[in-house]
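Notes for the one structure printed next.
Residue numbers (the working numbering), protein chains in the order written: chain Y, 1371 to 1663; chain G, -18 to 272; chain F, 6 to 342.
Right, here's the structure in full:
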């Protein structure tokens, strides 16, 4: 029963999702969103707007505390305690997050919008093997039976380029490396075929080669599965590699926003210029020459 | 540390209750209006002007017995606590320094004492050894001592691994000097917490033992013993158990409250030590052994 | 690429072996902890005779016995042999379930203990179930409604409950249910074989009296465990993957937050067994707690030793079970995560 066949033709594999209908309607629209802390009544996010259509990627760049993670969590409807969206609105696949019920939000998460984060080990239940945690998503969100869900989870592990997915399936989070864990986390995030994937500092703690591999994987998913990506990073290079549009945030404000090439070539704001000059030594030129006008 | 504990409401409340109980223990026997052992024909009487809490089945004045019994109850708990401190803390500190064999043996003994069904052993051993107050305190003290063993050992380990002790050792300071000078300051707050806790625990144990007539024997009054003699006559004096029960519970509660207050002011280091899993388990065991 | 069924089977085999290995490791580690505990406990128990200076001769012959008569009887019981030889003999007997014969009436101690064991085990297990269920309910409720009035009410209740010694609770229960309402018998025991309702009516009050302490500790530990589990990233991860709050609670929060509460059950069990001394006295039950008390007061050393060893065995067995369950439910807890 545990024989691993590579993508039996009857199952949908991530690569086939590319064929799913692409509409030009935005899957995610964020309009002038502000996030307020209830304790000291401070505004942490001061008006963020962007739209995302299938297969596109938007990047949010900024240092820690700039409000990029809060923006993501607002989109997912999982703001920490004592934080609230004070104005603006968020629509995920046409559903208004602010007025959605708890059940609606639960339905949306996983199957329409999903996310991966920094420090992947902590996002996996330490008491359950990693595979069953993916199978759980497949079972709950796609209604597959136990055995089919298991097979699908192994396929997903293979799809995120993990070698020996059968073995990984039955390992615990503490037995895997950071790069492997991030792949597992991505597999879990795409298990219910969402249309939007938020990658919040997903490559930050990984070493450079692993980071590149994960970024390739995300690019793959975007091209082949039509995933819309929100890539959040403090690292301009990461965002530049993946995204069509970039938002530069500082202290809750979007200081610059526009197509990636424009922002990289003709930065308007001095903070953006600072970020770019800081990154020159990390080989940003490579992208400049490749994706330049 | 005392001042900081008293700056907390919990600290003040618990200190006030414990002070009142201590006063009761010192003055109680002197304040008793009637002879607590004097038998009369007026048995199982209700509350009246001459008998504030009525009389028991032998016609003895319950109020006088309650006051008179407070000393034995409180002193018993204190003795248990001090016994546990001596029996637990000294090997606890030494286990860090006296080599692996000593360490292993003391750790296993502590494990064992924690795992023992506490009250059963306390009752059985005390009775076998001659059922006196001394035996009871000795046995109970040893049985509660693992808490002190663990706490003082953990604190000592934390200190022993720190750089300045190493520096002191290298510069030729003697072992007793290091213990006095460096170890003691770190060990003290957690031990204070353990003391307060053990006081509560000891109180429950001493009351339980005297309830069974072990340690302090009838006719000498104790709060636990009072409850035991009330038990047979609940039909006649259903309210009788409340006074001793409330006193016991108030004392235990105040001790626990004090322990929490000390823990709250003893800073991060102390808290970390007290919250370490092993120690918590021990505290639970000590507190549990009581019931 | 053609799939290789053999490779698949091999992986399954590896996995099964891994799972079995994990259970074995936890079991092994637990045994490693408890074997010394058992040795030390039996040694202390056996040393009680020497420590107490009691001898069967005193019990049988009285104070006026001649030294020769005492010596005769002591050698009859094998008490004149070296201490360690006696210990080893006794210990091997204990491993075979033999506790010797009573000094008082010459009856087989194992049989005597067996008579009372049913009562005590009934009460202790019921107390454990009651305490576990109530404690879980309260702790879960407090954690789910954390920092609301529900949480504060439960915390307050738990504090009150935790300072009530079993004998105080016992008396209050007798007062309310037996004397006041006349609903339940105030004492005595009827085996479960003669009717579950009768059995329950007789053991429910002592079990309840014992359970208060368990309720308090389990509720407290579970609340703390769950609240800290809710703060963990894997809960956010599960929420983001679109799992329902109920599923998140049972599969992700409870599983990781239950560790301390389960461990507490293991720690509480000895005190339940120990407190049987008091509750059996209050409720007039002839369990082994009562037997221990009576034998100790009579100076019947073999009987006391037997009871104590049985109680240690119960504690050790129960803790082994808890450890294995803990390893199954929350392997992370055992790794110290």
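Think of the CB as a built atom: it goes at the ideal place given N, C-alpha and C, for glycine as much as any other residue.
Contact of residue 147 of chain F with chain Y by beta-carbon distance below 8 Å is absent, the smallest such distance being about 17 Å.
Residues 212, 213, 216, 219 and 220 of the same chain have their beta carbon placed closer than 8 Å to that of residue 135 of chain F, with the five preceding and five following residues left out of the count.
Runs of alpha helix (DSSP H) with 4 or more residues, each lying fully within the stretch 39 to 97 of chain F, are found at 61 to 66 and 72 to 81, listed in chain order. Counting of Cβ neighbours within 10 angstroms places residue 220 of chain G among the exposed residues, the total staying below 16. Per the coordinates, the alpha-carbon of residue 46 of chain F lies some 15 Å from the alpha-carbon of residue 307 of chain F. Under the three-state reduction of DSSP, residue 111 of chain G is assigned to coil, being neither helix nor strand.
Listed in chain order, the positions of the stretch 228 to 254 of chain F with a beta carbon within less than 9 Å of a beta carbon of chain Y are 237, 238, 239, 240, 241, 242, 243, 244, 245, 246, 247, 248, 249, 250 and 252.
Contact check between the stretch 33 to 53 of chain G and the stretch 6 to 25 of chain G: three or more CB pairs, one atom from each, fall below 8 Å, which counts as touching. As summarised for the stretch 218 to 266 of chain F, the continuous alpha helix (DSSP H) elements at least 4 residues long and confined to that stretch are 238 to 245 and 259 to 262, given in chain order. Just so you know, the alpha carbons of residue 314 of chain F and residue 50 of chain F end up roughly 7 Å apart. In chain order, 92 make up the part of chain G whose C-beta sits under 7 Å from the C-beta of residue 38 of chain F. Checking the DSSP bridge columns, you'll see residue 1421 of chain Y partnered with Y/1399.
For the pair of segments examined, the stretch 173 to 192 of chain G was found to touch the stretch 56 to 76 of chain G: the number of CB pairs separated by less than 8 Å reaches three. The beta-carbon of residue 260 of chain F is placed less than 8 Å from the nearest beta-carbon of chain Y. Excluding its 5 nearest sequence neighbours in each direction, residue 188 of chain G has C-beta neighbours in its own chain below 6 Å: 204, 205 and 229, listed in chain order. Rounded to the nearest whole angstrom, the CA to CA distance from residue 1647 of chain Y to residue 1613 of chain Y is 19 Å. With respect to chain F, the C-beta atom of residue 68 of chain G has no partner C-beta closer than 8 Å. For residue 64 of chain G, the three-state secondary structure derived from DSSP is helix. Taking the Cα positions, residue 1415 of chain Y is about 8 Å away from residue 1438 of chain Y.
A residue is called buried when at least 16 other Cβ atoms come within 10 angstroms of its Cβ; residue 25 of chain F does not meet this threshold and is exposed.
The beta carbons of residue 279 of chain F and residue 100 of chain G sit closer together than 8 Å. Taking each of Y/1451, Y/1398, Y/1397 and Y/1595 in turn and checking the Cα distance to residue 1409 of chain Y, the smallest one comes out for Y/1451. For residue 174 of chain G, the nearest beta carbon of chain F is not closer than 8 Å to its own beta carbon. Distance between residue 79 of chain G and residue 140 of chain G, taken at the CA atoms: about 15 Å. Neighbours of residue 298 of chain F across chain G, judged by C-beta separation under 9 Å: 101, 104, 105, 108, 193 and 195. Residue range 293 to 303 is occupied by the alpha helix (DSSP H) that includes residue 300 of chain F, with no beta strand (DSSP E) assigned at that position. The Cβ-Cβ distance between residue 42 of chain F and residue 321 of chain F falls below 8 Å. Per DSSP, residue 150 of chain F lies in no alpha helix (DSSP H) segment and is marked neither H nor E.
Using a Cβ-Cβ cut-off of 8 Å, residue 180 of chain F is close to 215, 219 and 222 of chain G, given in chain order. Against chain F, the beta carbon of residue 185 of chain G has neighbours under 7 Å at 170, listed in chain order. With a threshold of 8 Å between beta carbons, residue 208 of chain G makes contact with chain F.
Note that the stretch 1505 to 1520 of chain Y touches the stretch 244 to 253 of chain F; at least 3 beta-carbon pairs, one per stretch, sit closer than 8 Å. Residue-level contact check: residue 1563 of chain Y does not touch chain F, since none of the beta carbons of chain F fall below 8 Å from its beta carbon.
In the DSSP assignment, residue 1609 of chain Y falls within the unbroken alpha helix (DSSP H) covering 1606 to 1612. Per DSSP, the continuous beta strand (DSSP E) segment holding residue 1454 of chain Y begins and ends at 1453 to 1462. Residue 104 of chain F carries a coil assignment under DSSP once its states are collapsed to helix, strand and coil.
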